[in-house]
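J.:
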Amino acid sequence: MKASHEHPAEASGPGRPRDPQVDLAVMQATVDLLVEAGYQKTTIQAIARRAQVSAPAIYRRWATREMIIEDAIFGIHRDEVPLPPATEDLRADLLAWIHKFLDRTAHPAARSAIPGLLSAYHHHDGVHERVVQRAEKPVRTALVARILQSVPSTGANAETTAETVFDILVSTTMIRGLAHGYEDADAWCERLADALYALIGTVE
Numbered sequence: 014m015k016a017s018h019e020h021p022a023e024a025s026g027p028g029r030p031r032d033p034q035v036d037l038a039v040m041q042a043t044v045d046l047l048v049e050a051g052y053q054k055t056t057i058q059a060i061a062r063r064a065q066v067s068a069p070a071i072y073r074r075w076a077t078r079e080m081i082i083e084d085a086i087f088g089i090h091r092d093e094v095p096l097p098p099a100t101e102d103l104r105a106d107l108l109a110w111i112h113k114f115l116d117r118t119a120h121p122a123a124r125s126a127i128p129g130l131l132s133a134y135h136h137h138d139g140v141h142e143r144v145v146q147r148a149e150k151p152v153r154t155a156l157v158a159r160i161l162q163s164v165p166s167t168g169a170n171a172e173t174t175a176e177t178v179f180d181i182l183v184s185t186t187m188i189r190g191l192a193h194g195y196e197d198a199d200a201w202c203e204r205l206a207d208a209l210y211a212l213i214g215t216v217e
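First residue of the sequence shown: 14, per the numbering used here; consecutive thereafter.
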């Protein structure tokens, strides 16, 4: 396959709109390569070949391969992080969040990518902070706000508990997803939802 199959929007001059089909092709190619070839072989050149676009087209969108992989597995492409809708049932909402977070890390592409990304974050200053700003911060804010809507207190204890719930949610789903994938996922998510709901219930 040639890596020069550009869409008209990509061949246009500055100021012209980007072709969303190129973005989608790159995301799918990245996921496929992570599953089939692993993190180390998911290079920008390999992604370009698989997506049938040129490497310059990719570099116009992403500065590094780590940013491409983050977008592909964490769903933060174009800074849009889809969140579970809020309902009147806090436990049901917690369960939806747990399933969503577990899916991010249990997917075969994520299990391939996350160890490599963690290594990159360790060796390159500022990379992890960028991810926090792009992905974690808005999601944390949303979940904390959802929890605070359902607790009787608005004091520091309530906010601290809500922040702790988010930290537990992130860390436990990360470990569970990487270690076990989707094994016994439904039952595990139910147990975690019960635990988090009970923790929130301690707020006075």
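C-beta: ideal position from N, C-alpha, C; glycine also. Since the model is a prediction, treat every value here as computed from it, not as a measurement.
1) Check this for me: beta carbons of ILE82 and ALA38, under 9 Å apart or not?
2) Would you call the segment 118-135 and the segment 157-167 in contact, with 3 or more CB pairs under 8 Å?
3) So, helix, strand or coil for TYR195, using DSSP?
4) Would you call SER67 buried or exposed, if buried means 16 or more other Cβ atoms sit within 10 Å of its Cβ?
5) Which residue wins for smallest C-alpha separation from HIS193, given the options GLU172, ARG117 and ASP207?
6) Excluding five sequence neighbours on each side, which residues of the same chain lie with their C-beta closer than 6 Å to the C-beta of LEU209?
7) Can you have a look at ASP102 and say buried or exposed, based on whether 16 or more other CB atoms are within 10 angstroms of its CB?
8) I need the straight-line Cα distance from LYS150 to LEU191, nearest angstrom please.
9) Please specify which runs of the alpha helix (DSSP H), each continuous and at least 4 residues long, are wholly inside the segment 82-137, giving them in chain order.
10) Pick helix, strand or coil for ALA76, following the three-state DSSP scheme.
11) May I ask which residues mark the beginning and end of the alpha helix (DSSP H) holding GLN58?
12) Quick one: using the 10 Å Cβ neighbour count with 16 as the cut-off for buried, is ILE188 buried or exposed?
13) Consult DSSP for LYS54 and reduce its assignment to one of helix, strand or coil.
T.: According to the data block:
1) For the purposes of this step, residue 82 is taken as residue 69 along the sequence shown, with counting starting at 1. For the purposes of this step, residue 38 is taken as residue 25 along the sequence shown, with counting starting at 1. In this structure, ALA38 does not lie closer than 9 Å to ILE82 by Cβ.
2) Inter-segment contact for the segment 118-135 and the segment 157-167 is absent: fewer than three beta-carbon pairs are separated by less than 8 Å.
3) Taking the sequence shown and counting its residues from 1, the one referred to as residue 195 is at position 182. Three-state result, TYR195: coil.
4) Against the sequence shown, residue 67 aligns to sequence position 54. Result: buried.
5) In the sequence shown, residue 193 corresponds to position 180, counting from 1. For the residues GLU172, ARG117 and ASP207, the minimum Cα distance to HIS193 belongs to ARG117.
6) Counting from 1 along the sequence shown, the entry for residue 209 is found at position 196. The answer, listed in chain order, is LEU107 and VAL178.
7) As a working note, residue 102 is residue 89 in the sequence shown. ASP102 is classed as exposed because its beta carbon has fewer than 16 other beta carbons within 10 Å across all chains shown.
8) In the sequence shown, residue 150 corresponds to position 137, counting from 1. In the sequence shown, residue 191 corresponds to position 178, counting from 1. The alpha-carbon atoms of LYS150 and LEU191 are separated by roughly 22 Å.
9) Fully enclosed alpha helix (DSSP H) runs of 4 or longer: 103-119 and 121-136.
10) On the sequence shown, position 63 is the one that residue 76 refers to. ALA76 carries a coil assignment under DSSP once its states are collapsed to helix, strand and coil.
11) As a working note, residue 58 is residue 45 in the sequence shown. It spans 57-64 - the alpha helix (DSSP H) in which GLN58 sits, taken as one unbroken run.
12) As a position in the sequence shown, residue 188 is number 175, starting the count at 1. Under this definition ILE188 is an exposed residue.
13) Counting from 1 along the sequence shown, the entry for residue 54 is found at position 41. Looking at LYS54 - three-state DSSP - the assignment turns out to be coil, as it is neither helix nor strand.
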